[in-house]
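**Q**
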Amino acid sequence: MAEGRALSNNNNVNYLLQDYSTSIEYFDKRLTIAKECNDQIGQRRAHTNLGNAYLYLEEYDKARYHYREAMIISEVMNDGLFLAQLCFILGRVYNIKQDYETSIYFHEKHLNIAHKFQDYRVECQAYLILSQLYEKINQYDKTKKYRNLYKSLAREIDETNEKKVCSKSNALKVSCI
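Just add 11 to wherever you are in the sequence shown, counting from 1, and you've got our numbering.
#1: Looking at the secondary structure, which residues open and close the alpha helix (DSSP H) in which residue 106 lies?
#2: Under three-state DSSP, which class holds residue 170?
#3: Per the contact definition of three or more C-beta pairs closer than 8 Å, is the stretch 139-147 in contact with the stretch 118-125?
#4: Using alpha carbons as the reference points, say which of 136, 147 and 152 lies closest to residue 163.
#5: Return the chain-ordered list of same chain residues with a C-beta closer than 6 Å to the C-beta of residue 145, the five sequence neighbours on each side being excluded.
#6: Just to confirm the assignment, what range does the alpha helix (DSSP H) spanning residue 143 have?
#7: To the nearest angstrom, report how far apart residue 47 and residue 103 are at their CA atoms.
#8: From residue 84 to residue 55, what does the alpha carbon distance come to, in whole angstroms?
#9: Rounded C-beta distance between residue 59 and residue 78? I'm assuming under 8 Å.
#10: Can you have a look at residue 149 and say buried or exposed, based on whether 16 or more other CB atoms are within 10 angstroms of its CB?
#11: Taking the straight line between their C-alpha atoms, what separation do you get for residue 165 and residue 89?
#12: For residue 160, which residues of its own chain have a beta-carbon under 7 Å away from its beta-carbon, when the five flanking residues on both sides are left out?
#13: Check whether the Cβ atoms of residue 45 and residue 57 lie closer than 8 Å to each other.
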């Protein structure tokens, strides 16, 4: 596993320099090592990094494959937060490919996970994206529903943030207007 980590660390330079082809070679090696060691976290990380590299190269089918593999591992590991991130990414990839129905599927899954974890900011983001996607496929009732949910939750988040700022200000004996 140390060899795999070393490959990943060395590869960060290639990735930052946007040398995605070289990065893919390293991530493939990292994936092979992780599989040999039965390192699920390493496999998931390698698949996610491969997905990112292929996404930058606009090789969407390969990116989707690796994101889906990372998703399967996340489901086995019962890692809902990572799964939510992957659903979001896959939703965006399908949106780029103009496969709006599949994009909606992943964004709704992303929304459900955010709701489960009570992550209101992510939930709000998902409502906005879903309203935009439903508008693209001319389902205006759902567009309106998700837009209203977005606006309502965004207002609630803003009010909560205002209260937090005021309470912190009061604790510091600063007036809050």
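Even for Gly, the Cβ is constructed at its ideal location relative to N, Cα and C.
**A** Answer, in terms of the structure:
#1: Here residue 106 refers to the residue found at position 95 when the sequence shown is read from its first residue. Residues 91-107.
#2: Your numbering for residue 170 matches position 159 in the sequence shown. It is helical.
#3: yes
#4: On the sequence shown, position 152 is the one that residue 163 refers to. Looking at the Cα atoms, 136 is the closest of the given residues.
#5: Numbered from its first residue, the sequence shown carries residue 145 at position 134. 153 and 154, listed in sequence order.
#6: Taking the sequence shown and counting its residues from 1, one reaches residue 143 at position 132. Looking at the DSSP string, the run of the alpha helix (DSSP H) that includes residue 143 is 131-147.
#7: As a position in the sequence shown, residue 47 is number 36, starting the count at 1. As a position in the sequence shown, residue 103 is number 92, starting the count at 1. Whole-angstrom Cα-Cα distance: 32 Å.
#8: Sequence index remark: in the sequence shown, residue 84 carries index 73 (1-based). Sequence index remark: in the sequence shown, residue 55 carries index 44 (1-based). Rounded to whole angstroms, residue 84 to residue 55 spans 6 Å at the Cα level.
#9: Counted from its first residue, the sequence shown places residue 59 at position 48. Counted from its first residue, the sequence shown places residue 78 at position 67. About 7 Å separates the two Cβ atoms, so the contact holds.
#10: Taking the first residue of the sequence shown as position 1, residue 149 is located at position 138. Its Cβ having fewer than 16 others within 10 Å, residue 149 is exposed.
#11: Here the question's residue 165 lines up with position 154 in the sequence shown. Here the question's residue 89 lines up with position 78 in the sequence shown. Computed Cα separation, rounded: 29 Å.
#12: Numbered from its first residue, the sequence shown carries residue 160 at position 149. If we look at residue 160 and ignore the five residues flanking it on each side, its Cβ neighbours are 138.
#13: Numbered from its first residue, the sequence shown carries residue 45 at position 34. Numbered from its first residue, the sequence shown carries residue 57 at position 46. Cβ distance < 8 Å, so residue 45 and residue 57 count as in contact.
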